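Heads up: the protein sequence lines correspond to chains A and B, in order.
For the record, in the first sequence the residue sitting at position 159 is 159 according to my numbering, with numbers rising by one throughout.
Basically my numbering = 1-based index in the second sequence + 1000.
Idealized CB from N, CA, C, for every residue including glycine.
From a predicted model like this one, the values you see are computed outputs, not experimental measurements.
There are 2 protein chains.
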Amino acid sequence: MKCLPEVAQLAKDHGALVVVDAVCTLTTMPLQMDEWGIDVTIAGGQKGLSSIPGVSLIAFSEEAWNTIKSRKARQPHWCLDALRAQTFWGSQQYHYTAPVPGILAIHEALRQICEETLPVRFERHRTSSIALQAGIETMGLQLFVPIRDRLNSVVAIQTPLDTDNAKIRKTMSTRFHVEISGAFGLDIMRIGQMGEQCRSQNLFKVLYALGMSCRQQGVDLDVSLGMAELERNLVIDPENLVD
Amino acid sequence: MKCLPEVAQLAKDHGALVVVDAVCTLTTMPLQMDEWGIDVTIAGGQKGLSSIPGVSLIAFSEEAWNTIKSRKARQPHWCLDALRAQTFWGSQQYHYTAPVPGILAIHEALRQICEETLPVRFERHRTSSIALQAGIETMGLQLFVPIRDRLNSVVAIQTPLDTDNAKIRKTMSTRFHVEISGAFGLDIMRIGQMGEQCRSQNLFKVLYALGMSCRQQGVDLDVSLGMAELERNLVIDPENLVD
């Protein structure tokens, strides 16, 4: 993510506002809206926050908010009108029925994040991601993203040659009850390791399921060696052991 | 609601499609989309369905769906595009992250509705509404809606002369922990009695809170007589007694 401030600067140089979809990354790695020149950050309750899907978060820079306030065109949809949402949250005017359980779920997720603290949470994701990447590569699979551009919350894996990753994922799901995703337009598999998913017991489970399911498709992998490498790299969080 | 088919016919005569917001009424009283000429019915998980807010339901007539399919203008917002939603639910194309807990909550609410059956549920709302209306009027308050147009799920009450209904509702909320609503642009109070709220113990609770809070504002009411009238009219549902 080192390149985000540079992208933002480039956009600014051309008079554009910068919108960041942080649903995967919020609270899993640093995001400095002001310092990096980001105008709008959006996220959902799921993924990084490890709460439930169905509620979204949005934050605006002063510049973005001024743009919203001064634009002449009416919003085409009532429910996506940020100005109405603002007056609603300011309790001055009704906008919509609030998704109460979703808001309570986000509140609890944020409480847990505050309890863990952001630096500890960032480090947990960083350590876990490095460990999982090492386990996958040692097992004999190839990662998709160059090391400098990798996220700490999602690992992208090249589909092994001559295999169908949908079949691998189907085995993972039906036999091991572990669901990972494909991708839109790329022949890769992606493991999300965000929030509570990013705990040692889950990492071992997903790596084992991935390795065994690839082997079932005839891919020659050393699953044991991968598991050992994951273990070697994983600095066990004492909090995990309590779980 | 006798007038809805007539309104729908009038709209049809002028070539318009008919959209019904059924969030308050769905499963609390009959709604015949096809027979009444309704093209689109929308509802939320809350209110009539007595589930949680944050998930919406929508149903289209064949005519409405053909109109959607044949229109040339692109939808201004991705997430409100019914065609995309349709392909998503048909599992052919990703549209958005599904609000899983909300969908499970609706599923459970619908299961309970099926268990109760619609005729029993309609009758429970009808009986309860008549009883609550009788209790309110006998107590000495005036209802806002003429009897032929009343819903079985919401009761609208005239604010007593020379009082501020926000103060009445504030007392109900802080002293009795019962929340009812005002209205947009009308000086009335509204009691929602939908789904699980529409149980005898809740009706007694809200009527008592309303009566006592009005009296605190100096309104001359016979709360006891109102409570007795509610009891007299309320055919106790044996299911309630189990609760």
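Could you check the C-alpha separation between B/Leu1241 and B/Cys1198 for me, to the nearest Å? For this step, residue 1241 of chain B is matched to residue 241 along the second sequence. For this step, residue 1198 of chain B is matched to residue 198 along the second sequence. Here the model assigns B/Leu1241 a pLDDT of 46, short of 50, so the residue's position is not dependable and the matter cannot be decided.
C-beta neighbour in chain B for A/Val223, strict 9 Å: One-based indexing of the first sequence puts residue 223 of chain A at position 223. It does not; no Cβ of chain B falls within 9 Å.
According to a CB-to-CB cut-off of less than 8 Å, which residues of the segment 85-119 of chain A neighbour chain B? Tyr94, Thr97, Ala98, Pro99, Val100, Pro101, Gly102, Ala105
Residues of the segment 1053-1075 of chain B whose Cβ lies closer than 8 Å to any Cβ of chain A, in chain order: Pro1053, Gly1054, Val1055
Considering Cα atoms alone, identify which of B/Ser1056, B/Val1019, B/Gln1193 is closest to B/Cys1079. By 1-based counting over the second sequence, the position of residue 1079 of chain B is 79. The candidate whose alpha carbon is nearest that of B/Cys1079 is B/Ser1056.
Own chain partners of A/Ser153 with C-beta closer than 8 Å, once the 5 adjacent residues on each side are dropped: Position 153 of the first sequence, counting from 1, holds the residue named residue 153 of chain A. Once the five neighbours on either side are set aside, the close Cβ partners of A/Ser153 are Cys24, Thr25, Thr28, Met29, Lys47, Gly48, His125, Ser129, Gly192, Gln193, Met194, Cys198.
Sub-9 Å separation of A/Leu141 and A/Leu210 beta-carbons: What you label residue 141 of chain A is simply residue 141 of the first sequence in a count that begins at 1. What you label residue 210 of chain A is simply residue 210 of the first sequence in a count that begins at 1. Yes; because the gap between Cβ atoms is below 9 Å, this pair is in contact.
What does the alpha-carbon distance come out to for the pair A/Leu4 and B/Ala1008? Counting from one through the first sequence, the residue named residue 4 of chain A turns up at place 4. Counting from one through the second sequence, the residue named residue 1008 of chain B turns up at place 8. One C-alpha to the other measures close to 53 Å.
For chain B, find out if any of its Cβ atoms is closer than 9 Å to the Cβ of A/Gly185; answer yes or no. Locating residue 185 of chain A in the first sequence gives position 185, counting from the first residue. By this cut-off, A/Gly185 is not an interface position.
Compare the C-beta of B/His1077 with all C-beta atoms of chain A and state if any pair is closer than 9 Å. Along the second sequence, one-based indexing puts residue 1077 of chain B at 77. Judged by the 9 Å Cβ criterion, B/His1077 is in contact with chain A.
Going by DSSP in three states, B/Gln1092 sits in which element: helix, strand or coil? Stepping through the second sequence from its first residue, residue 1092 of chain B is reached at position 92. Of the three classes helix, strand and coil, the one that applies to B/Gln1092 here is coil, per DSSP.
A/Ser224 (DSSP reduced to helix, strand or coil): In the first sequence, counting from the first residue as 1, residue 224 of chain A sits at position 224. Helix, per DSSP.
Indicate whether B/Val1019 and B/Leu1031 have their beta-carbon atoms separated by less than 9 Å. Counted from its first residue, the second sequence places residue 1019 of chain B at position 19. Counted from its first residue, the second sequence places residue 1031 of chain B at position 31. No, these two residues do not count as a Cβ contact at 9 Å.
Starting from B/Met1189, trace the beta strand (DSSP E) in both directions and tell me its first and last residue. Position 189 of the second sequence, counted from the first residue, corresponds to residue 1189 of chain B. Looking at the DSSP string, the run of the beta strand (DSSP E) that includes B/Met1189 is 1188-1192.
Proximal residues of chain B, C-beta to C-beta of A/Gln46 below 8 Å: Position 46 of the first sequence, counted from the first residue, corresponds to residue 46 of chain A. Correct list: Thr1097.
When the Cα atoms are used, what is the spatial distance from B/Arg1121 to B/Leu1207? What you label residue 1121 of chain B is simply residue 121 of the second sequence in a count that begins at 1. What you label residue 1207 of chain B is simply residue 207 of the second sequence in a count that begins at 1. Going by the C-alpha atoms only, they are around 21 Å apart.
Counting only Cβ pairs nearer than 7 Å, list the residues of chain A close to B/Leu1080. Taking the second sequence and counting its residues from 1, the one referred to as residue 1080 of chain B is at position 80. Those within 7 Å of B/Leu1080 in chain A are His77.
Considering only C-alpha positions, which residue in the set B/Ser1200, B/Arg1215, B/Gly1135 is nearest to B/Leu1225? The sequence position of residue 1225 of chain B within the second sequence is 225, counting from 1. Nearest option by C-alpha distance: B/Gly1135.
Kindly indicate which three-state DSSP category B/Gly1211 falls into: helix, strand or coil? Numbered from 1 along the second sequence, position 211 holds the residue referred to as residue 1211 of chain B. Correct three-state label for B/Gly1211: helix.
Cα-Cα separation between A/Ala64 and A/Ile103, rounded to whole angstroms: Your numbering for residue 64 of chain A matches position 64 in the first sequence. Your numbering for residue 103 of chain A matches position 103 in the first sequence. About 24 Å.
Mind checking who A/Leu57 pairs with in its DSSP beta bridge? Numbered from its first residue, the first sequence carries residue 57 of chain A at position 57. Paired residue(s): A/Ala43.
I'd like the ranges of any beta strand (DSSP E) spanning at least 3 consecutive residues and lying wholly in the segment 1097-1168 of chain B. 1154-1158
Just list the beta strand (DSSP E) runs in the segment 8-38 of chain A, keeping only unbroken ones of 3 residues or longer that don't cross its boundaries, in chain order. 19-21
In the structure shown, what three-state DSSP assignment does A/Ser173 receive? Along the first sequence, read from residue 1 onward, the residue named residue 173 of chain A stands at position 173. It is helical.
Do you know how far the Cα of B/Arg1074 is from the Cα of B/Ile1068? On the second sequence, position 68 is the one that residue 1068 of chain B refers to. On the second sequence, position 74 is the one that residue 1074 of chain B refers to. Taking the straight line joining both Cα atoms gives about 10 Å.
According to DSSP, is B/Ser978 helix, strand or coil? Within the shown structure, residues of chain B are numbered from 1001 to 1243, placing residue 978 of chain B beyond reach of any answer.
Please name the residue or residues paired with B/Ser1181 in a DSSP beta bridge. Translated into positions along the second sequence, residue 1181 of chain B becomes position 181. In the DSSP output, where bridge partners are listed per residue, B/Ser1181 has B/Arg1190.
With a 10 Å radius around its C-beta and 16 neighbouring C-beta atoms as the bar for buried, classify A/Asn66 as buried or exposed. In the first sequence, counting from the first residue as 1, residue 66 of chain A sits at position 66. So A/Asn66 ends up on the exposed side.
Give the straight-line distance between the Cα atoms of A/Asp243 and A/Thr117, rounded to the nearest whole angstrom. The count along the first sequence starts at 1 and reaches residue 243 of chain A at position 243. The count along the first sequence starts at 1 and reaches residue 117 of chain A at position 117. Residue placement at A/Asp243 is poorly supported in this model, since its pLDDT is 39, which falls under 50; the coordinates are not used for a value here.
Go ahead and label B/Ser1051 buried or exposed: buried means 16 or more other beta carbons lie within 10 angstroms of its beta carbon, across all protein chains shown. The residue given as residue 1051 of chain B occupies position 51 in the second sequence. Flag for B/Ser1051 reads buried.
Would you say B/Asp1164 and B/Gln1216 are within 9 Å of each other, going by their C-beta atoms? Along the second sequence, read from residue 1 onward, the residue named residue 1164 of chain B stands at position 164. Along the second sequence, read from residue 1 onward, the residue named residue 1216 of chain B stands at position 216. It is not a contact, given that the beta carbons lie outside the stated cut-off.
Alpha carbon of A/Val40 to alpha carbon of B/His1077, nearest angstrom: Indexing the first sequence from 1 puts residue 40 of chain A at position 40. Indexing the second sequence from 1 puts residue 1077 of chain B at position 77. So the alpha carbons of these two residues sit roughly 18 Å apart.
For B/Asn1202, the nearest candidate out of B/Thr1097, B/His1177, B/Lys1170 (CA to CA): Against the second sequence, residue 1202 of chain B aligns to sequence position 202. Closest by alpha carbon: B/His1177.
Check whether the Cβ atoms of A/Ile38 and A/Ser70 sit closer than 9 Å, and answer yes or no. In the first sequence, counting from the first residue as 1, residue 38 of chain A sits at position 38. In the first sequence, counting from the first residue as 1, residue 70 of chain A sits at position 70. Not in contact: A/Ile38 and A/Ser70 (Cβ atoms no closer than 9 Å).
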